[in-house]
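Chemist: In my numbering, each number is its position in the sequence shown, counted from 1, plus 19.
Backbone N, C-alpha and C define an ideal beta-carbon position, used for all residues, glycine too.
Sharing a structure, written as structure tokens. Questions coming.
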Amino acid sequence: MNVFVIGSGNTPLPEEAFHLAGLVPDALLPFPLLEQPEAVERLGLVSYDIDFDDVSLDLRQYTRAVLQRVCAGTRAVAWAAFEGSFDYDELLTDQVAHQVYGYCITGAEPVVEWNTAALRSEQWRRRIAEARETLGALLSASETGGRKSRAD
């Protein structure tokens, strides 16, 4: 599972923060991404590569819990996406919407979709576009000094 969060700073959460929904990942590789655009860098962008050896696990609840956790305590937008889908020029755009299977906006419930047909639907693209609008507003606020810091 690949989870990205913008708005929580560039310091990854500790491994224990990912012991959620009764599951403990077999491997967790958190890292701030390099060469961040200036607006992103002001807010921070961390990527989490979360691995489970048991491929039979139903990770929907875990994905929701992770998205909610990485957004907690700050104004942030987080999303879960398939490997290889990340590009600074394509953050939550229509071109990658079908590769994003979950997202969270601080103050809202996380949304997770497992059905590949639903991920390719116009409705899903609209939902991802709403998340992108929130991300755009967050990035704009950081340019004008409206950033809030992590409260934990």
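I need the straight-line Cα distance from residue 96 to residue 157, nearest angstrom please.
Modeler: Whole-angstrom Cα-Cα distance: 8 Å.
Chemist: With DSSP collapsed to three states, give me the class of residue 63.
Modeler: Three-state DSSP puts residue 63 in coil, outside helix and strand.
Chemist: What runs of the alpha helix (DSSP H), each 4 residues or longer, lie entirely inside the segment 58-113?
Modeler: DSSP runs (the alpha helix (DSSP H)) wholly in the segment 58-113: 79-90.
Chemist: Thinking just about the alpha-carbon of each residue, which of 142, 106, 112 and 147 is nearest to the one in residue 121?
Modeler: Ranking the options by Cα distance to residue 121, first place goes to 147.
Chemist: Can residue 151 and residue 111 be called in contact, C-beta distance under 8 Å?
Modeler: Their beta carbons are under 8 Å apart, which means residue 151 touches residue 111 by this criterion.
Chemist: Using the Cα positions of residue 44 and residue 74, report the straight-line distance between them to the nearest angstrom.
Modeler: So the two alpha carbons sit approximately 12 Å from each other.
Chemist: How do the segment 69-88 and the segment 37-56 stand: do at least 3 beta-carbon pairs fall below 8 Å, yes or no?
Modeler: Verdict: yes, contact present.
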